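Heads up, the thing below is written out as C-alpha cells.
Number of protein chains: 2
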Amino acid sequence: MQETRLDTARIRAARQVIDPIFLDTPLYRCEALEPVLGCAVSIKLETANPVRSFKARGTELVASLLAGRAAVCASAGNLGQALAWSGRGRGLDVTVVASRFAPAAKLDRIRALDARLELVDGDFDMARERAAAIARSDGIRLVEDSLDIETCEGAATIGLELVDAAPPFDAVLIALGGGALATGVGHVVKTWAPGVEVICVQPLGAPAMTHSWHQRRVVTTDSTDTIADGVAGRRPIPAVLDDLLVVADDAVLVREESIVAGMRMLLDHAGLVVEPSAALGIAAILEDRDRFADRHVATIVCGGNVDMDAYHRWVGARS
Amino acid sequence: MQETRLDTARIRAARQVIDPIFLDTPLYRCEALEPVLGCAVSIKLETANPVRSFKARGTELVASLLAGRAAVCASAGNLGQALAWSGRGRGLDVTVVASRFAPAAKLDRIRALDARLELVDGDFDMARERAAAIARSDGIRLVEDSLDIETCEGAATIGLELVDAAPPFDAVLIALGGGALATGVGHVVKTWAPGVEVICVQPLGAPAMTHSWHQRRVVTTDSTDTIADGVAGRRPIPAVLDDLLVVADDAVLVREESIVAGMRMLLDHAGLVVEPSAALGIAAILEDRDRFADRHVATIVCGGNVDMDAYHRWVGARS
Numbered sequence: 007m008q009e010t011r012l013d014t015a016r017i018r019a020a021r022q023v024i025d026p027i028f029l030d031t032p033l034y035r036c037e038a039l040e041p042v043l044g045c046a047v048s049i050k051l052e053t054a055n056p057v058r059s060f061k062a063r064g065t066e067l068v069a070s071l072l073a074g075r076a077a078v079c080a081s082a083g084n085l086g087q088a089l090a091w092s093g094r095g096r097g098l099d100v101t102v103v104a105s106r107f108a109p110a111a112k113l114d115r116i117r118a119l120d121a122r123l124e125l126v127d128g129d130f131d132m133a134r135e136r137a138a139a140i141a142r143s144d145g146i147r148l149v150e151d152s153l154d155i156e157t158c159e160g161a162a163t164i165g166l167e168l169v170d171a172a173p174p175f176d177a178v179l180i181a182l183g184g185g186a187l188a189t190g191v192g193h194v195v196k197t198w199a200p201g202v203e204v205i206c207v208q209p210l211g212a213p214a215m216t217h218s219w220h221q222r223r224v225v226t227t228d229s230t231d232t233i234a235d236g237v238a239g240r241r242p243i244p245a246v247l248d249d250l251l252v253v254a255d256d257a258v259l260v261r262e263e264s265i266v267a268g269m270r271m272l273l274d275h276a277g278l279v280v281e282p283s284a285a286l287g288i289a290a291i292l293e294d295r296d297r298f299a300d301r302h303v304a305t306i307v308c309g310g311n312v313d314m315d316a317y318h319r320w321v322g323a324r325s
Numbered sequence: 007m008q009e010t011r012l013d014t015a016r017i018r019a020a021r022q023v024i025d026p027i028f029l030d031t032p033l034y035r036c037e038a039l040e041p042v043l044g045c046a047v048s049i050k051l052e053t054a055n056p057v058r059s060f061k062a063r064g065t066e067l068v069a070s071l072l073a074g075r076a077a078v079c080a081s082a083g084n085l086g087q088a089l090a091w092s093g094r095g096r097g098l099d100v101t102v103v104a105s106r107f108a109p110a111a112k113l114d115r116i117r118a119l120d121a122r123l124e125l126v127d128g129d130f131d132m133a134r135e136r137a138a139a140i141a142r143s144d145g146i147r148l149v150e151d152s153l154d155i156e157t158c159e160g161a162a163t164i165g166l167e168l169v170d171a172a173p174p175f176d177a178v179l180i181a182l183g184g185g186a187l188a189t190g191v192g193h194v195v196k197t198w199a200p201g202v203e204v205i206c207v208q209p210l211g212a213p214a215m216t217h218s219w220h221q222r223r224v225v226t227t228d229s230t231d232t233i234a235d236g237v238a239g240r241r242p243i244p245a246v247l248d249d250l251l252v253v254a255d256d257a258v259l260v261r262e263e264s265i266v267a268g269m270r271m272l273l274d275h276a277g278l279v280v281e282p283s284a285a286l287g288i289a290a291i292l293e294d295r296d297r298f299a300d301r302h303v304a305t306i307v308c309g310g311n312v313d314m315d316a317y318h319r320w321v322g323a324r325s
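Take a look at the structure:
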C-alpha cells in the first residue's frame, strides 16, 4: 500500500490514550437484517457510549495533547460533543462552532457538557471558516476534523477492532463525510486485511468527497441537500482526499429514501436508533443487493444523535 | 455473606466458556437521563449482541456442557432465543416451549435460529410444566431458568464487569423475574463490593418473587398482568428465593406507567430501544427519586426484544 498520513504504530498507541469506554465496541452479526439484505451483516456499534458516536476516539487524542489549554472546532454536532466531553475530563477549554441548523439534540448535548457553543447562520463549511477565525483571533488551537491526524488515527482504532474479527469480512461499509472515519478505518483494513473491500458511502445530496475520489481531484459543491447532517460537507480537504485515494476501493452515493429505509431497518430488525449518517452502509446494500449477495459485510453504526421528532417523522409514526 | 448456590471460581471460569461477543458489554454514564432522574445513571447494555439480551451468558455455559445432545427449556422468549443461538453453534438440539402470548418478535427469532418451538395456550408457568413433561417423555435435559446454576452464574459474569467499574456505584438496579439475573449479579456484587446496594425491581402486575422476598417464603400468584413479559412469573423457585434472600438488599414493585415512562426515557434520551423488563430500573428511580437523589446508580438494560407495533403503542406515536 502507498503511504498515507496515518501511522500504524501511533494508531496502536492511541488505544492507550483513549478512555476504554470508547474502545472495543460491540461487533456482532445481525441475522434479523439478513433476509431483507441478502448478505451476512455485522454491526460495529459506536453509539453505546457517553457521546453516542465514534468521534471521541479522536477527541481523546486531541484533548490528551492539549490538556489545560484551549481549542476551537467546527462541528456538525458529534465532533463538538466529543471534544466537549474529552475536554471536560482533561481540563481543555472548548469552543464549538456549529450551524444553527444542526440537530438540537447535538447542540443541547454540547452545551450540557460545558463547552462554549457559537452558532453560524450557515452550513458546516461556514462553521469551519468561523472556527478558523476564532482560532486566529484568540490564538488558540483549531481542531480540524479529518485534517488533524488525531481525528483520523482515533477513528482508525475502529479498524484495529475490525481486522481482529474472525471470520474476516468481505467488505466494510463506511460513512463518508470529511473523511476521518474512512481514511482511519481504511488505512488499518488495507494494512492488515488488504483483501477486505473498503467502500465509502455518501448521500447523493452531499457528494463532494465521492466526486473528488472518482475524479482524483478536489471537487466542491455549492450546497448540500440531505438529512445526513453528519456527513454534509461541500469542500473536501486535499490531504484527506489523497489518503482516501490510497485506502478506499470504492465510493458510492445513495438516495435519501435509502437512508431512511436503512434507519427503519436498523430500528425494526436490530433495535437501534441511529442518525442518518449511520444508516449509509445499510442504504448502500439496499441500493445494490447483487454486489453484496452472499458476502459478509461489516457496517459501522457511527452515531446515534438525532432529534427524536425528526427521527419519528423519517421512520414513520406507527400506532 | 452467607453461602449461595453460586460459586465465585466457577463464575470467573465462565468467562472462558462464554463467546466473547456476549462479554464486556458497554457500561457508561448516560448524563442525558440525569436531569430528569436526579441521580447519576450508568447503563450496562446487554442488548447489543446477536440475541439482544443477557441470556446467552447462561446458555453458553449450558450448551458447552450439553454439546451434541438435546435439551428443552421453557422461555418467555429470551432464554429460548439464547439457547437456540448457543445450541446451534455447539451442536445442541434445542426445543423451546413458550406461551403463545409471548411477543412475536421473540418467537420469530427462536424459529429463525432452527430451534423447535412449541407454544402452549397459557402463560410462562404453564410452559414450564410442558417443558418438564417433554424432558421426561423424551429423556432429554430440561434447562430451567434461574434454577439451573449455569443460568445464574452466566448472568453473574455481568456482576464481574460491574464491580470492576471505577468509581464504584452506590446501587445496582436489577430486573427481577425468575431470579437468575438478580442472584447472579447480586452474588458477585455482595462478594466483591458489599457496600453497593442491590435492588431488585419487579412489576406490580407480577409481584410473586418480590412478595416472596419480603415474606421470606415462597408466595405464588394466580395470574400476572404486566407488559414486562420477560419477568412475568407466578411461581418462584424455592432455591432461587433462598439465594435472593442472601444477596438482595431490597426488592421493589413498580407501576406499568412507570415502566412505559422508563422505556420512553431510554428511547428519547439514550437512543435505546428496550423491552419493558429492561426499563424496570429506570422505573424504580422514577417512583422514588428521593431514595436515589445524588447517588450513582447502575441499571442493567437486560433485553431489547420487543414487538415494534406494541413498542410504538407504548412509547407513543409521534409525527
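These protein sequences, in sequence, are chains A and B.
Residue numbers for the first sequence follow my numbering, so the first one is 7 and each next one is one higher.
Residue numbers for the second sequence follow my numbering, so the first one is 7 and each next one is one higher.
No residue lacks a Cβ here, since even glycine has one placed at the ideal position from N, Cα and C.
Remember, predicted model here, so these are calculated numbers, not experimental data.
For LYS50 of chain A, no alpha helix (DSSP H) encloses it; the enclosing beta strand (DSSP E) starts and ends at 46 to 51. The residue among B:VAL194, B:HIS217, B:ILE180, B:LEU292 with its C-alpha nearest the C-alpha of GLN8 of chain B is B:VAL194. When C-beta atoms of the region 242 to 251 of chain B are compared with those of the region 268 to 280 of chain B, fewer than three pairs fall below 8 angstroms, so the two segments do not count as touching.
According to DSSP, residue pairing for GLY309 of chain B in a beta bridge involves B:SER59. Here HIS302 of chain B is bridged, per DSSP, to B:ALA46. GLY322 of chain A is positioned such that its CB atom lies no closer than 8 angstroms to that of ALA284 of chain A.
Taking a beta-carbon distance threshold of 8 angstroms, VAL279 of chain B counts as an interface residue toward chain A. Of all alpha-carbon atoms in A:TRP91, A:VAL258, A:GLU135, A:LEU273, the one lying nearest the alpha-carbon of VAL307 of chain A is that of A:LEU273.
By the CB criterion at 8 angstroms, GLY86 of chain A and ALA110 of chain A fall outside the cutoff.
Put simply, the region 88 to 104 of chain B touches the region 125 to 133 of chain B. At least three CB pairs are less than 8 angstroms apart. Each of B:PRO41, B:SER70, B:HIS275, B:ALA118 was checked against the Cα of ALA19 of chain B, and the nearest Cα belongs to B:SER70.
If you look at ARG222 of chain A, you'll find it isn't in any beta strand (DSSP E); DSSP assigns it neither H nor E. Residue nearest to LYS61 of chain B within the set B:MET314, B:ILE49, B:LEU89, B:LEU51 is B:LEU89 (criterion: CA-CA distance).
Using a Cβ-Cβ cut-off of 9 angstroms, ASP235 of chain B is close to nothing in chain A; its nearest Cβ partner there is about 16 angstroms away. The alpha-carbon separation between GLY93 of chain A and GLU66 of chain A amounts to approximately 8 angstroms.
Rounded to whole angstroms, ASP228 of chain A and CYS45 of chain B show a C-alpha spacing of 47 angstroms. At a beta-carbon threshold of 9 angstroms, the residues of chain B lying near LEU51 of chain A are PRO32, ALA54, ordered along the chain.
Looking at the DSSP output, LEU148 of chain A shares a beta bridge with A:VAL78.
A direct Cα-Cα distance of roughly 11 angstroms separates LEU166 of chain B from GLY160 of chain B. Counting only the Cα atoms, GLU135 of chain A lies some 58 angstroms from PHE107 of chain B. Note that the C-beta distance between PRO209 of chain A and VAL237 of chain A is below 8 angstroms.
Distance from VAL207 of chain A to LEU179 of chain A at the Cβ level is roughly 6 angstroms; contact confirmed, criterion being Cβ atoms closer than 8 angstroms. DSSP, reduced to helix, strand and coil, places ILE265 of chain A within a helical segment of the structure shown. In terms of Cα proximity to ALA199 of chain B, the closest of B:ALA171, B:LEU187, B:VAL224, B:HIS220 is B:ALA171. For the 8 angstroms CB-CB criterion, SER48 of chain A and LEU72 of chain A do not form a contact. A Cβ-Cβ distance of about 5 angstroms is found for the pair VAL303 of chain B and ALA177 of chain B, placing them in contact under the 8 angstroms criterion. With a contact defined as Cβ atoms closer than 8 angstroms, ALA290 of chain B and ILE233 of chain B miss out at about 16 angstroms. Residue state for LEU12 of chain B is assigned as coil, using DSSP reduced to three classes.
With respect to ILE140 of chain A, VAL57 of chain A sits apart: the two C-beta atoms are not nearer than 8 angstroms. The residues VAL207, ALA290, in chain order, have a CB closer than 6 angstroms to that of VAL258 of chain A in the same chain once the five nearest residues on each side in sequence are set aside.
Beta-bridge partners assigned by DSSP to ALA181 of chain A: A:VAL207.
In the structure shown, GLU281 of chain A adopts coil according to DSSP, grouped into three states. In the DSSP annotation of this structure, SER92 of chain A is not part of any beta strand (DSSP E); the continuous alpha helix (DSSP H) holding it starts and ends at 84 to 96.
Cβ contact annotation for VAL266 of chain B (same chain, cutoff 6 angstroms, sequence separation greater than five): TRP320, in chain order. Taking a Cβ-Cβ threshold of 7 angstroms, the residues of chain A close to ILE27 of chain B are TYR34, in chain order.
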